[in-house]
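Report on one structure; see the data block that follows.
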Amino acid sequence: MKKLILLGACLLAFTGCPAQTVGVAEPDIVVVRIDDGIGNTNTDITITRGENKTEYLTFKPSHGEKGLRVSGQAYYKLIYKLYQEGYVLQSTFTGLTGSSATLLFVKAK
Numbered sequence: 009m010k011k012l013i014l015l016g017a018c019l020l021a022f023t024g025c026p027a028q029t030v031g032v033a034e035p036d037i038v039v040v041r042i043d044d045g046i047g048n049t050n051t052d053i054t055i056t057r058g059e060n061k062t063e064y065l066t067f068k069p070s071h072g073e074k075g076l077r078v079s080g081q082a083y084y085k086l087i088y089k090l091y092q093e094g095y096v097l098q099s100t101f102t103g104l105t106g107s108s109a110t111l112l113f114v115k116a117k
């Protein structure tokens with residue numbers, strides 16, 4: 009019975025204490041947001057590596073063969089750079105209208 013009471017007291021103590029994060033590093037991630045919605049004059053890309061660490065890229069949207077080549081090269085350069093830095097694609101999701109995509113890259117261990 010004493011063990012049961014002690015176990016209950018320990019559980020209560022653990023649930024009442026805030027989680028400690030001392031020495032825990034933030035995950036090494038990069039969030040890439042691509043917006044190329046209908047009617048946009050440009051394809052806009054933001055690359056966020058952390059708080060206040062955002063790069064911005066833009067290029068003309070892909071119309072016809074020439075446009076597709078330009079946009080394909082821009083995406084290739086961006087993704088190749090991230091892979092060279094040791095990041096791998098973890099997941100993707102799109103916005104409600106489907107005109108924007110978000111890519112989540114995580115540093116490979």
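Each step along the sequence shown adds one to the number in this note's numbering, with nothing skipped, and position 91 is 99. Every residue, glycine too, gets a C-beta built ideally from N, C-alpha and C.
Reference residue i, options the options, closest by Cα
| i | options | result |
| --- | --- | --- |
| Thr56 | Thr66, Val38, Thr49, Leu65 | Val38 |
| Phe67 | Asp52, Glu93, Leu111 | Asp52 |
| Ala116 | Leu65, Lys85, Gln92, His71 | Gln92 |
| Leu97 | Thr110, Asp43, Gln81 | Thr110 |
| Gly58 | Gly72, Ile87, Asp36 | Asp36 |
Status (buried if at least 16 other CB within 10 Å, exposed otherwise) for residue i
| i | result |
| --- | --- |
| Tyr95 | buried |
| Gly103 | exposed |
| Thr29 | Low per-residue confidence applies at Thr29: pLDDT is 49, beneath 50, and the placement is therefore not dependable, though the value from the model is reported in the following sentence. Result: exposed. |
Contact under 8 Å by Cβ, residue i with residue j
| i | j | result |
| --- | --- | --- |
| Val40 | Phe113 | yes |
| Ile42 | Ser99 | no |
| Thr49 | Thr62 | no |
Identity of the residues DSSP links to residue i by a beta bridge
| i | result |
| --- | --- |
| Arg77 | Answer is none; Arg77 lacks a bridge partner. |
| Thr56 | Val39, Thr62 |
| Tyr95 | Lys115 |
| Thr102 | Ala109 |
| Thr51 | Phe67 |
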